[in-house]
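A.B. asks: I am attaching a structure below and will ask some questions about it afterwards.
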Amino acid sequence: MVRSKKLNLVILLAATIVAVAIYYTSTKVAKPVAPQSPQRIIVTSPQLTEIAYAMGLEPRIAAVTSDSDYPPQAAKTKPTVGKFWQLNMEAIIAARPDLIIMEKFDQQTSIGRRLEALGYPVLTVHLTDIRQLFEAIDTVGQAAGVPDKAKTLIDSIKSKLITLSGRFQTEPKRTVLWVMQTEPIRVAGLETFPNELIELAGGYNAIGKTIQKYPPIGAEQIVSSAPDVIIQPAMSQTSVEAERAGALRFWSQFPNIPAVKKNRVYVIPADTVHRLGPRLPQGLELVGRCIHPELYDANMPDPNSTGNLNADPNDANN
Amino acid sequence: MAIIEVTNVNFSYDQAHILENLWLSVTPGSFLAVAGPNGAGKSTLLYILAGLLKPASGSVTIESKPISSYSFMDLAKKIAFVRQEFVPAFGFTVEETVAMARAPYLQGFGFESRDDLAIVNEALEATETAQFAKRHLYQLSGGERQRVFVARALAQQTPILLLDEPTSFLDLKHQVDIYDLLKKMQTRLGKTILLISHDINVAAQYCDNILLLSADRKYHFGTAEEIFRPELIKEVFGVSGYAGSVGKERFFIPLGKFAKDAELKG
Amino acid sequence: MLTQTTLITRIMIALAILLVVCGFCLMTGTEKISPGNILKGPGLVPGSNIEYEIFIGVRLPRVLLAALVGAALAGSGVILQAILRNPLADPFILGISSGAGLGAVIAIISGFTFTFLGGSPITVCAFAGALTTVWIVWAIGRFTTKSELTSLLLAGVVVNAFFSALIMFLTSIAKSEQMQATVFWLMGNISETSLPVIIVNFVIVLAGLAVLWSICLELNLLSFGESQAQNLGVDPTRIKLIAFGASAIITAVAVSLSGLVGFVGLIVPHAIRLVLGPDHRQLLPISAIIGAAFLVLADTIARTIVAPAQLPVGVITAMTGGPFFLILLARYTRKISWFSK
């Protein structure tokens, strides 16, 4: 065996042929089909959790991700299957789902393919802008067998958005810088979902067209973009206050941009403005208040004061 | 029929000519000492004979076959080469090191057979290194290591042995032991031995002929009588001295300016 | 002195260790499963025996993949340390890491969707990237004839640096979720892959290891230097070609499936060498088997220690491999010295 050169080549060739043969003879599984009315649904992102609950699917939800913090009882009462960024496949299987709803992200698609290969029906939705939100609600509603609830939800969200947006389309139009993170500074560009919120709330993005959707930008561009308003969603849920203090300190190094001069730097809770879900109208309202504070009288809570603006969880179902 | 035939070989390193029009014919079973000043090409010659360097022109035949026609494995069964070695960072034992000489002969899955191990033991005994058999190579002194490498060459069981300064680190007793061993290999087993040594006196006592290479690419071939002439030594080495004989042994003592008996110079 | 029987005995023992480790790890995880329930089979209605589903669908492929990657990396580490005569060599030293990384990043950013032999786009591109880079490094390294090994190492360093810069550039212009995916991949993960893909790659790695085993005798000889080995009958060029080629292929396979899992390829060969000695005919198979066991264990720790989250397996290999090796070194240090007199 050992001392012959030709044998090495033969081994490799044989191995490749065997490998290819094994692959092509292993049976291909047909794409599994979900039942008409699935009773054990797993949703794999906080956005999907909110959407599912809003359509009254709670009794039929078998598991959610551990970072699904809204509605508050979701992650506490349902079994969890890991986080959005890192799903736990064993837990998913252990929950015996008959339908798994996922978002279209690389981490999720590979697990999705594996689950399909094992015979679990997987539904993938895109959920990165407002139009996709409505499509997703519709798709999920069809798949779950509650198309009427889906329609109601879509209509409710749409009408609220239109009403709110109408209020906010007043002059003057202000420019907004939407800050995703401060070290290094990354902002939301034109083709993003936060930008849609900005425009619906009667503002313009301070940044023009960029190659990336969430570009890092330098101090020069910040100053030249001269935003009227800076909106910085807080990265963590629990210490919005601390982040606010840090942000004000950070932005004080740009004393000459209009937003800082006029004290229009807002640090807001991120869960309604970075998530596409039934609470979108609340998010829009929050953004609108930042851009057009003059439309609100002094009695209403200021976005920069303590306390959240989370409305009643059952609001979207009315 | 010569066992090694060197025909009109030329070799240069970059621009420096080392060997020029070298002709050498080595009879089987002979003991040839190769001497000369540094840079004369002694090691180069041995490297060429071992197949590690290719001459620019000319040819070398081993057992009447051109050296280039030998496969690596076949050449390893004809020529064993002992020289200064790089000691690896990983700890092979003395036994394992000597056993590597059996590599060209291993069959099947490439494991040493009982016969191979017997040959290894014999080689260890012959070089008085058997007591180190299980020790790691780097634990030995320079001289002990040299004997191990000679043992390896013996275990290779080749008709030709090339040695480049095999006794440079050895004390007198072990020097003589190695030379005695090589002589035994020559007389009892008919091995052909080419040996480079800076100690021409000791080498002269054992070898049949001396190949004297000089730095100007000239060379001289002959017995100890013919080579140990003061004029020749002075010409090649640039050193004056006294050549004499004791019984059948020829010797040469180099004498410098401040030597005790500098007048003895020829 | 190594004999055939000694080697076979040791391989059997190592395999036994591997089987015990695999058995234990197959039963460990975030969900409790028991051998009894698994043996009941898929159940009357397929999908009804959850423990069986988890075992066959998740645990088994994952453990097999970890074993496969561990064996490939450890085996490749042995070979590269031998050929380069350098105790610090690891499977990634000749540009494979950055080449594979570049391939993976390109796949992530460009959003390719093709698959080949069941491998995802990332797998395929990482594999292609790895092999292409090795070929580039080999080609550059061969330009100088003086000290081929040194120029190979240097070429590897240069290519690694350049490609790493490219990776950084691409990552900086990527979308945030792509960036996350890239970093995740670069940290080394054993993730869910389908059984046929694993079997295909298993066969390739096994074949590669077999080819490498056939040159282990020559590798022993090469420890003393190429010209010395040549005098003992070794064709250095042919051996180097086989060694680099086969180890590049199995490393590329491992990296394409799991990202860059560090430490295994560097530490396992040393550990085995400390205990059993440097004879490569033994070092290669035992390192491969123990490397497999090590990675299976590390991956199991990675997926259970902070459950339900999962750590990248590279974190575990680094954190456990380092101290363990120090202990081994302290105990056996009388046996070995890195500096020859």
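Residue numbers (the numbering used here), protein chains in the order written: chain A, 1 to 318; chain B, 1001 to 1266; chain C, 2001 to 2341. Just so you know, even glycine gets a beta-carbon here, dropped at the ideal spot from N, CA and C.
I'd like the list of long-range same chain contacts for F1149/B, defined as Cβ closer than 7 Å, with 5 residues on each side in sequence excluded.
C.D. replies: Contacts found: V1082 and E1085.
A.B. asks: Taking Cβ positions only, does L118/A come closer than 8 Å to chain C?
C.D. replies: Yes - at least one Cβ of chain C is within 8 Å of the one on L118/A.
A.B. asks: Quick one: which chain B residues come within Cβ less than 7 Å of L2221/C?
C.D. replies: Going along chain B in sequence order, the residues near L2221/C (Cβ under 7 Å) are M1100 and A1103.
A.B. asks: Which same chain residues, not among the five before or five after K160/A, have their C-beta less than 7 Å away from its C-beta?
C.D. replies: Hits under 7 Å: P281.
A.B. asks: Between the region 2232–2245 of chain C and the region 2060–2075 of chain C, do three or more beta carbon pairs fall short of 8 Å?
C.D. replies: They do not touch, by the three-pair rule.
A.B. asks: Could you tell me whether any Cβ in chain B is nearer than 8 Å to the Cβ of N2049/C?
C.D. replies: Chain B contact via Cβ: absent.
A.B. asks: Can you list, in chain order, the residues of its chain whose CB lies under 6 Å from that of N310/A, leaving out five sequence neighbours each side?
C.D. replies: At N310/A, the pLDDT of 37 sits below 50, so the modelled position is not reliable and the matter cannot be decided from this model.
A.B. asks: State yes or no: is the C-beta of L2084/C within less than 8 Å of the C-beta of D2279/C?
C.D. replies: Not in contact: L2084/C and D2279/C (Cβ atoms no closer than 8 Å).
A.B. asks: Once DSSP output is grouped into helix, strand and coil, what is the label at F2024/C?
C.D. replies: Helix at F2024/C.
A.B. asks: Please check the pair A34/A and D106/A, which I expect to be a contact at CB under 8 Å, by giving their CB distance rounded to whole angstroms.
C.D. replies: No, A34/A and D106/A are not in contact; Cβ-Cβ is about 23 Å, not under 8 Å.
A.B. asks: Measuring CA to CA, which of L1181/B, I1004/B, L1232/B and P1028/B is closest to A967/B?
C.D. replies: Given a span of 1001 to 1266 for chain B in the structure shown, any question on residue 967/B remains unanswerable.
A.B. asks: To which residues of the same chain is A2318/C closer than 8 Å at the C-beta, ignoring the five residues directly before and after it?
C.D. replies: Around A2318/C: G2262 and F2263.
A.B. asks: I want to know whether the region 2242–2249 of chain C touches the region 1236–1247 of chain B - three or more CB-CB distances under 8 Å.
C.D. replies: Contact fails: fewer than three Cβ-Cβ distances are below 8 Å.
A.B. asks: Give every residue of the same chain whose Cβ lies closer than 7 Å to the Cβ of P313/A, excluding the five residues on either side of it in the sequence, and list them in chain order.
C.D. replies: Bear in mind that the predicted position of P313/A carries a pLDDT of just 32, short of 50, making it unreliable; the figure below should be weighed with that in mind. Same-chain partners within the cutoff: P71.
A.B. asks: Rounding to the nearest angstrom, what Cα-Cα distance links Y296/A and K31/A in this structure?
C.D. replies: Distance between the alpha carbons of Y296/A and K31/A: 53 Å.
A.B. asks: What is the DSSP secondary structure of H2280/C, reduced to helix, strand or coil?
C.D. replies: The answer is helix: DSSP assigns H2280/C an H, G or I state.
A.B. asks: Output the distance between the C-alpha atoms of V2124/C and T2182/C, rounded to the nearest integer angstrom.
C.D. replies: Cα to Cα, the separation comes out at about 15 Å.
A.B. asks: Since Y1013/B sits in a beta bridge, which residues does DSSP pair it with?
C.D. replies: A1016/B, per the DSSP bridge assignment.
A.B. asks: Kindly say whether T2003/C, judged by its beta-carbon, lies nearer than 8 Å to any beta-carbon of chain B.
C.D. replies: By this cut-off, T2003/C is an interface position.
A.B. asks: At a Cβ threshold of 8 Å, is E321/A touching chain C?
C.D. replies: Here chain A has residues from 1 to 318 only, and residue 321/A is not among them.
A.B. asks: Please tell me whether T65/A and I100/A are closer than 8 Å, where the distance is taken between their beta carbons.
C.D. replies: In this structure, I100/A does not lie closer than 8 Å to T65/A by Cβ.
A.B. asks: May I have the straight-line CA-CA distance separating L2232/C from H1136/B, to the nearest angstrom?
C.D. replies: One C-alpha to the other measures close to 20 Å.
A.B. asks: Which chain B residues are close to S2227/C, counting only those with a beta carbon under 7 Å from its beta carbon?
C.D. replies: Per Cβ cutoff of 7 Å: L1052.
A.B. asks: Taking any Cβ of chain C, which residues in the region 1072–1097 of chain B have a Cβ under 9 Å from it, in chain order?
C.D. replies: Cβ contacts with chain C come from F1072, M1073, D1074, L1075, A1076, K1077, I1079, A1080, F1081, R1083, E1085, F1086, V1087, P1088, A1089, F1090, G1091, F1092, T1093, E1095, E1096 and T1097.
A.B. asks: Distance, Cα to Cα, E90/A vs K76/A?
C.D. replies: When rounded, the distance between both Cα atoms is 19 Å.
A.B. asks: Evaluate contact between the region 2286–2298 of chain C and the region 2019–2033 of chain C, counting only Cβ atoms and requiring at least three cross-stretch pairs below 8 Å.
C.D. replies: The answer is yes - the region 2019–2033 of chain C touches the region 2286–2298 of chain C, with three or more Cβ pairs under 8 Å.
A.B. asks: Can you tell me whether P1066/B is helix, strand or coil according to DSSP?
C.D. replies: In this structure, P1066/B counts as strand in the three-state DSSP scheme.
A.B. asks: Determine the extent of the alpha helix (DSSP H) in which T182/A is found, giving its start and end residues.
C.D. replies: Looking at the DSSP string, T182/A is not in any alpha helix (DSSP H); the run it does join, the beta strand (DSSP E), is R174 to T182.
A.B. asks: Give the secondary structure of K1032/B by DSSP, where H, G and I count as helix, E and B as strand, and everything else as coil.
C.D. replies: A small correction: the amino acid at residue 1032/B is Leu; Lys does not occupy that position in the sequence shown. Strand, per DSSP.
A.B. asks: Distance, Cα to Cα, I2096/C vs I2106/C?
C.D. replies: Roughly 15 Å between the two C-alpha positions.
A.B. asks: Which stretch, first to last residue, makes up the alpha helix (DSSP H) that contains G2156/C?
C.D. replies: From DSSP, the alpha helix (DSSP H) with G2156/C extends over E2148 to S2172.
A.B. asks: According to DSSP, simplified to helix, strand and coil, what is E1249/B?
C.D. replies: In the structure shown, E1249/B sits in a strand (DSSP, three-state: E or B).
A.B. asks: Shorter than 8 Å from the beta carbon of T2030/C to some beta carbon of chain A?
C.D. replies: With 8 Å as the cut-off, T2030/C counts as an interface residue toward chain A.
A.B. asks: Cutting at 7 Å between CB atoms, please list the residues of its own chain near I1227/B, excluding the five before and the five after it.
C.D. replies: Here the set comprises I1210, L1212 and H1220.
A.B. asks: A117/A by DSSP, collapsed to three states: which one?
C.D. replies: Helix, per DSSP.
A.B. asks: Is it true that the region 205–214 of chain A meets the region 187–197 of chain A, where meeting means three or more beta-carbon pairs spaced less than 8 Å apart?
C.D. replies: The region 205–214 of chain A is in contact with the region 187–197 of chain A.
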